[in-house]
Amino acid sequence: MAEKHEKTGAREAALRVLDRVEGGAYADILLDSELKNLSATDAGLATELTYGVLRWKLRLDYTIDLFSSIRVAKLERKVLNALRLGAYQLLFLTRVPASAAINESVELVKPDRKRAGFVNAVLRKILSEKESIAMPGEDYPGRRISVSWSHPEWMVRRWVERYGPEEAAEICRAGQEPPPRTIRVNTLMTTRERLAFELKNEGFEAAETRYSPYGLDVRGGGALGAKDQRYYIQDEASQLVPLLLAPGPGEAVLDACSAPGGKTSHMAQLMEKRGSIYALDRNAARLRAVIETASRLGVDKIIKTFEADASAPLGFIEEGTIDAILCDAPCSGLGVLRRAPDSKYRRKEEDIKELAGIQARLLDNLAGYLRKGGRLVYSVCTFEPEETEGTVSGFLEKHGEFSIEDASGYLPPQCSELVDADGFLRTFPHRHGMDGFFAARLRKD
Numbered sequence: 000m001a002e003k004h005e006k007t008g009a010r011e012a013a014l015r016v017l018d019r020v021e022g023g024a025y026a027d028i029l030l031d032s033e034l035k036n037l038s039a040t041d042a043g044l045a046t047e048l049t050y051g052v053l054r055w056k057l058r059l060d061y062t063i064d065l066f067s068s069i070r071v072a073k074l075e076r077k078v079l080n081a082l083r084l085g086a087y088q089l090l091f092l093t094r095v096p097a098s099a100a101i102n103e104s105v106e107l108v109k110p111d112r113k114r115a116g117f118v119n120a121v122l123r124k125i126l127s128e129k130e131s132i133a134m135p136g137e138d139y140p141g142r143r144i145s146v147s148w149s150h151p152e153w154m155v156r157r158w159v160e161r162y163g164p165e166e167a168a169e170i171c172r173a174g175q176e177p178p179p180r181t182i183r184v185n186t187l188m189t190t191r192e193r194l195a196f197e198l199k200n201e202g203f204e205a206a207e208t209r210y211s212p213y214g215l216d217v218r219g220g221g222a223l224g225a226k227d228q229r230y231y232i233q234d235e236a237s238q239l240v241p242l243l244l245a246p247g248p249g250e251a252v253l254d255a256c257s258a259p260g261g262k263t264s265h266m267a268q269l270m271e272k273r274g275s276i277y278a279l280d281r282n283a284a285r286l287r288a289v290i291e292t293a294s295r296l297g298v299d300k301i302i303k304t305f306e307a308d309a310s311a312p313l314g315f316i317e318e319g320t321i322d323a324i325l326c327d328a329p330c331s332g333l334g335v336l337r338r339a340p341d342s343k344y345r346r347k348e349e350d351i352k353e354l355a356g357i358q359a360r361l362l363d364n365l366a367g368y369l370r371k372g373g374r375l376v377y378s379v380c381t382f383e384p385e386e387t388e389g390t391v392s393g394f395l396e397k398h399g400e401f402s403i404e405d406a407s408g409y410l411p412p413q414c415s416e417l418v419d420a421d422g423f424l425r426t427f428p429h430r431h432g433m434d435g436f437f438a439a440r441l442r443k444d
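Under numbering that gives the first Met the number 0, the first residue of the sequence shown carries the number 0, and numbering increases by one thereafter.
Structure below.
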């Protein structure tokens, strides 16, 4: 009975999170709150179930629709999410016995007998037919890819048009995989080699990243220490952006959209804690994260934080005085969907045009604060043309004093394959095993 109670607790927690995510809440915040009340085993199962359902929601709904007498769109939210949890376990979580997956999902909608009977019937149909479930036909590959790899059809359509159906499917496949655990070594306190050795002694496996000279891919062991001074948890692609800006000791640097502080603290590390970094963010709570990160890593002395909108005049900075600007702009985030699977369903295609407008306003305003001969790096974690080369082209048309500098001239030699013919840094999860990023280095002449 103890085992049953434990697993039901995990499923109930997952159901509560999924129900609220359907209402617009964010999964990571809700799940963190739920996990505080669970055992370690239960927390692991609740996390697996929540993110598993969110990753595969479109495919789960397609499957439920095949066997349900009521269309998914008409189902009560609690019943639908109980079905999703059960279907996910039957289709993807093979270590859970089918009987347990079905019975515990039925328990989630009790004591209502009608709902319980309905959930039981649908899940048993899925179990009996799961080996023969067919995906949509080949008439339109976007629909098949969308269902097979559980990405919204509008995203898939855009990727099919640009990259073809095979690579579009690979992008979606990579988006379904849990992201690697990558850290950036705080070289002000240790070396990559020493930290790798120490982590191995602590029960982890640590391997040097291929492209970033500061990164380690970590496997095994327990949870990484969020308050550890020796490193910062940061994807390899994100680590390359400060390297492209290459801030040096004694320089004045502006980080226009600095939260949560990963790139800010990395720049302070590259500057050897000498110079000034003006770290901006519109959100006071997120700005506190910048301060906490900088303090933990021992680089807070050169970072000055300001709650400010970088697309509006900055009264605390004189124009033409900044040596280097990083604009890691708000974007659609389509390159990091694997980190927040619920964002796939929250994002709309029309958001891209709106975000491109925000990005353009940021660059227009920041241009004046850069000194002549200074450089600006514009970066986003997405692939979409309107937010990447489109934003850069629009900026250059309005600001003839700026020109593109080839990224390969500033990144480590091993990064040459990440730089395209236009000199832009581009990374893709399915090609490079890291988040999808775009970055351009611009010089003010």
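Positions of the beta carbon are idealized from the N, C-alpha and C atoms, including for glycine. A quick note: this is a predicted structure, and the numbers were derived from the prediction, not measured.
Residues that DSSP places opposite residue i in a beta bridge
| i | result |
| --- | --- |
| residue 277 | 253, 303 |
| residue 184 | 230 |
| residue 478 | The chain is shown only over 0 to 444; residue 478 falls outside these bounds and no answer can be derived. |
| residue 436 | 426 |
| residue 402 | 442 |
| residue 375 | 324, 441 |
| residue 217 | 180, 205 |
| residue 418 | 424 |
| residue 369 | 321 |
Spatial distance of residue i from residue j (CA atoms)
| i | j | result |
| --- | --- | --- |
| residue 358 | residue 34 | 36 angstroms |
| residue 154 | residue 22 | 22 angstroms |
| residue 426 | residue 105 | 43 angstroms |
| residue 299 | residue 79 | 48 angstroms |
| residue 126 | residue 101 | 9 angstroms |
| residue 147 | residue 406 | 36 angstroms |
| residue 306 | residue 56 | 37 angstroms |
| residue 3 | residue 62 | The pLDDT assigned to residue 3 is 41, lower than 50, so where the model puts this residue is not dependable; a value taken from the coordinates is nonetheless given after this. Looking at the two C-alpha atoms, the distance is approximately 27 angstroms. |
| residue 433 | residue 124 | 38 angstroms |
| residue 94 | residue 199 | 28 angstroms |
| residue 352 | residue 292 | 32 angstroms |
| residue 54 | residue 103 | 21 angstroms |
| residue 346 | residue 295 | 33 angstroms |
| residue 414 | residue 210 | 6 angstroms |
| residue 15 | residue 421 | 47 angstroms |
| residue 81 | residue 149 | 18 angstroms |
| residue 342 | residue 314 | 35 angstroms |
| residue 395 | residue 350 | 23 angstroms |
| residue 309 | residue 71 | 43 angstroms |
| residue 219 | residue 179 | 11 angstroms |
| residue 234 | residue 312 | 32 angstroms |
| residue 184 | residue 99 | 43 angstroms |
| residue 41 | residue 224 | 21 angstroms |
| residue 202 | residue 227 | 16 angstroms |
| residue 275 | residue 364 | 20 angstroms |
| residue 204 | residue 181 | 11 angstroms |
| residue 448 | residue 75 | In this structure the chain extends from 0 to 444, so residue 448 is not present and cannot be described. |
| residue 362 | residue 25 | 29 angstroms |
| residue 258 | residue 130 | 46 angstroms |
Spatially closest choice to residue i from the options, by CA coordinates
| i | options | result |
| --- | --- | --- |
| residue 52 | 32, 83, 276 | 83 |
| residue 12 | 150, 45, 24 | 45 |
| residue 280 | 415, 326, 439 | 326 |
| residue 68 | 120, 392, 164, 147 | 120 |
| residue 441 | 337, 324, 344 | 324 |
| residue 164 | 31, 341, 145 | 145 |
| residue 369 | 342, 277, 379, 378 | 277 |
| residue 418 | 236, 232, 36, 81 | 236 |
| residue 319 | 223, 175, 444 | 444 |
| residue 128 | 66, 10, 20, 331 | 66 |
| residue 398 | 261, 239, 371, 385 | 371 |
| residue 439 | 400, 24, 374, 428 | 374 |
| residue 187 | 229, 205, 177, 329 | 229 |
| residue 175 | 222, 50, 242 | 50 |
heavy atom of the ligand GTP below 7 angstroms from residue i C-beta
| i | result |
| --- | --- |
| residue 53 | As far as ligands go, the structure on display features none, and thus does not contain the ligand GTP. |
Under 8 angstroms: do the stretch 103-120 and the stretch 139-156 share three or more Cβ pairs, one atom per stretch?
no
The stretch 157-170 in contact with the stretch 192-206 per 3-pair CB rule at 8 angstroms:
no
Taking three-plus beta-carbon pairs below 8 angstroms as touching, is the stretch 251-262 in contact with the stretch 211-220?
no
Would you say the stretch 406-418 touches the stretch 382-398, given that touching needs at least three Cβ pairs under 8 angstroms?
no
Which ranges does the alpha helix (DSSP H) cover as unbroken runs of at least 4 residues, wholly within the stretch 8-55, from first to last along the chain?
26-34, 39-54
Determine contact between the stretch 269-277 and the stretch 239-250, defined as no fewer than three beta-carbon pairs at a distance below 8 angstroms.
yes
Beta strand (DSSP E) runs contained entirely in the stretch 141-208, provided each spans 3 or more residues:
180-184, 203-207
So, does the stretch 331-340 touch the stretch 280-297, judging by three or more C-beta pairs under 8 angstroms?
no
At 4 residues or longer, and completely inside the stretch 324-360: list those alpha helix (DSSP H) runs for me, N to C.
342-345
Counting only runs of 3+ residues fully inside the stretch 86-132, write out the beta strand (DSSP E) ranges in chain order.
none
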